[in-house]
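Chains as they are written, first to last, in our numbering: chain A, 1 to 285; chain B, 286 to 563.
Everything on this sheet refers to the single structure shown next.
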Amino acid sequence: MDRNMTLKKLEEGLFKILMVVSALIIMGVLIYIVGTIIYKGLPSLNWDMLSKLPGGGFYLGKEGGVANAIVGSLYIVAGSLLISILLSLPVVMYINFYLRKNSLFANITRFSFDILFGVPSIVYGAFGFALMVYLGIRASLLGGIITVAMLIMPIMMRSLDEVTRLLSRDLPDALLSLGATRYEMTRVIIRQLMPGIVTSVLLAIGRGIGDAATVLFTAGYTDNIPHALNQPVATLPLAIFFQLGSPVEEVQNRAYASAIILTVIILILSFSARYFSSRYSKHKI
Amino acid sequence: MKEIFLESMQEKSISGHIQDNPVEPSGSGHSMRVENLNVFINDNHILKDINLDIPEKSITCIIGPSGCGKSTFLKSINRMHDETPEVKINGSILVDGRDIYGPRVNVIDTRKKMGLLAQRPCPLPMSIFDNVAYGPRIHGLKKRKALNQTVIQYLQYVGLWAEVRGRVRTPATRLSIGQQQRLCLARGLAIEPAYILGDEATSALDPISTRKIEELFIKLKEKYTLILVTHTLRQAKRIADYIVFMYLGKVIEAAPTDEFFNNPKKQLTREYLSGSFS
């Protein structure tokens, strides 16, 4: 009996240590990455970085900022999110509430999400580029938006589908028994799912705003802020990539400052989305 | 035990009189008639030749052991099985002489006639006001004044108005479970149904809330026909005018409450009432 208890205690202790060590490793990696970015980037971070366009010789250490890339990234994320939400939400609602539970079409659609989810972003970039060549579109904001939308749509659909499948049948049944049509039912369900939808959008933003490979061939790069969809656009991941490639140390440090800006943008979008979601979903069951 | 049931079923030839003729609890007019209703889920025969008349403006309680088909029967009445393609239905349910499974019947109109009260209260993710206003809104009532009147009327009817009048714009989820169930009842009544269907509507409630809901049911039968599924024999005895006893997908016995409890005609009913099985 005593020996059994000792073994149980040993087992308990061992697994506790394993869990703590795993958590520490994850936190350590995160702290190391964020710490490096802040340590190297903070001295170069100033108002000019945020507000100015890169002047001539910016990549050789002269004055300027990455306002073009900040605005460009926000344009691309906003556009691709709009397309993704408009396409993902109806698809997920359709396969969950219009098709029967084990419908072949729904299963094939889910399988497609899974495959598309795992496709590397460079493949989307190459596909987007090929599509643009076929359609005769130049590297532009529109090209970037469409390609990033293709990248984030499977992420959004997969997470939305998971959230929707967790919904209890009670709510749809309550709505249908009141004589609601499926469309009316879906509208109420979307309100109920709002926190999950926000989480899906955040996942998509995180992936879309930080990806360089998709926009490398499709969005182009410019030192200006685009004023039309057919103009090329700069993005923060590419700005970081180009600055890190510079032989000038000062410019390399500006890459880390740009990374801080990218991280802060994600944080701001994340907190705002959570705030509006909690306000909007105060009636959630 | 199982053998005894089967034996008693064979002895009393359940599929004889009851299944061939609609069960007609005496003493009231008829507004709903179920004829030869059979429900299959995949290849399982769940409801078998149900023939039944539901008396109007009264409470009919459907009782029986778990898995006997009570809830399946209730879902057949408001066509909620339409949402499950695996379910196949034969037979007819005549509401005011018209088969709700007829070829040109609008499902939404049918559901609108049946207010459903589920086992667990399920308020919609919106305010108390909007919960009650939801049904009238989707069925075309848009004028604010009329909506206000409707909401107040039905909240008063279920005895919730006095408790929530200062906070009708707050989320319905902030109400207690008992209050939520009364809200769901008000929401169901607001679409002006002719029938109230209750699927073990008090099973998740505390005794005080249960009593309030039961009192409401008794009040409601002045205007509505109530069909309630319950697991609690005492509840059925307290509130029902008619009892339908189901077992293994068949109606075994249907009778006015006093007659059912004091003088059951079937051996299986007697065994169920004596607690031989549940």
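We treat Cβ as the ideally placed atom computed from N, Cα and C, and that holds for glycine.
Quantities reported herein were computed from a predicted structural model and do not represent experimental measurements.
Taking C-beta separations shorter than 7 angstroms and ignoring five residues to either side along the sequence, the partners of LEU445(B) in its chain run GLN464, ARG467, LEU468, ALA471, following chain order. With contacts defined by Cβ atoms closer than 9 angstroms, PHE97(A) and ASP161(A) do not form a contacting pair.
Inter-residue distance for LEU269(A) and LEU141(A) is about 21 angstroms (C-alpha atoms, whole angstroms).
With a cut-off of 8 angstroms on Cβ pairs, the stretch 376–393 of chain B is not in contact with the stretch 187–198 of chain A, counting fewer than three such pairs. In chain order, TYR256, ALA259, ILE260 place their CB closer than 6 angstroms to the CB of ILE37(A), counting only its own chain and leaving out the 5 sequence neighbours on each side. Against chain B, a Cβ distance below 8 angstroms from GLY179(A) picks out ILE393, ASP394, ARG396, LYS397, GLY420, ILE423, HIS424, ILE476. The beta carbon of HIS227(A) sits closer than 6 angstroms to none of the beta carbons in its chain outside the five residues before and after it. At a beta-carbon threshold of 7 angstroms, the residues of chain B lying near LEU171(A) are CYS407, ordered along the chain.
If you draw a straight line from the Cα of LEU401(B) to the Cα of GLY79(A), it comes to about 43 angstroms. Between the C-alpha atoms of ASN321(B) and MET157(A) there is a straight-line separation of about 45 angstroms. Interface residue (Cβ-Cβ distance to chain B less than 9 angstroms): VAL201(A) is not classified as such. Identification of residues in the stretch 250–274 of chain A having a C-beta nearer than 9 angstroms to some C-beta of chain B yields an empty set. A distance of 9 angstroms or more separates the beta carbons of SER73(A) and LEU244(A). Along the stretch 353–367 of chain B, going in chain order, the ones with a CB nearer than 7 angstroms to a CB of chain A are ASN363, MET365.
Setting aside the 5 residues that flank it on each side, MET93(A) is surrounded in the same chain by THR186, each with a C-beta closer than 6 angstroms to its C-beta; the list follows chain order. Burial is judged here by how many other beta carbons sit within 10 angstroms of a residue's own beta carbon; ASN46(A) has fewer than 16 and is exposed. For ALA174(A), at least one C-beta of chain B is nearer than 9 angstroms to its own C-beta.
Residues of the same chain with a CB within less than 6 angstroms of the CB of ALA525(B), apart from the 5 flanking positions on each side, are ILE344, CYS346, THR542 in chain order. Look at the stretch 203–216 of chain A: it has no residue with a C-beta under 8 angstroms from a C-beta of chain B.
If you check the CB distance, ASP173(A) and MET365(B) come in under 9 angstroms.
Within 7 angstroms of the CB of LEU401(B), the CB atoms of chain A belong to SER177, in sequence order along the chain.
Closer than 9 angstroms to the CB of PRO370(B) there is at least one CB belonging to chain A. Nearest to GLY352(B) by C-alpha distance, out of ILE413(B), SER561(B), LEU332(B), ASN363(B), is LEU332(B). Closest in alpha carbon position to ALA69(A), among LEU178(A), SER22(A), SER51(A), GLN252(A), is SER51(A). Residue pairing from DSSP places LYS373(B) in a beta bridge opposite PHE325(B). Against chain A, the CB of CYS346(B) has no partner CB under 9 angstroms away; the residue lies outside that interface. Residue burial is scored here from C-beta neighbours: ARG383(B) has fewer than 16 other C-beta atoms within 10 angstroms and is therefore classed as exposed.
Sequence-distant partners of ASP381(B) (beyond 5 residues in either direction) whose C-beta falls short of 7 angstroms from its own C-beta, in its chain, are SER316. The C-beta distance from TYR480(B) to LYS398(B) rounds to 6 angstroms, short enough to meet the 8 angstroms contact threshold.
The alpha-carbon separation between THR395(B) and ARG182(A) amounts to approximately 15 angstroms. Spatial neighbours of LEU216(A) in its own chain (CB-CB distance under 7 angstroms, excluding positions within 5 residues in sequence) are listed in chain order as GLY125, LEU238.
The alpha helix (DSSP H) runs lying completely inside the stretch 69–143 of chain A and spanning 4 residues or more are 104–118, 121–135, given in chain order.
One thing to note: LEU87(A) has its Cβ within 9 angstroms of the Cβ of ALA149(A).
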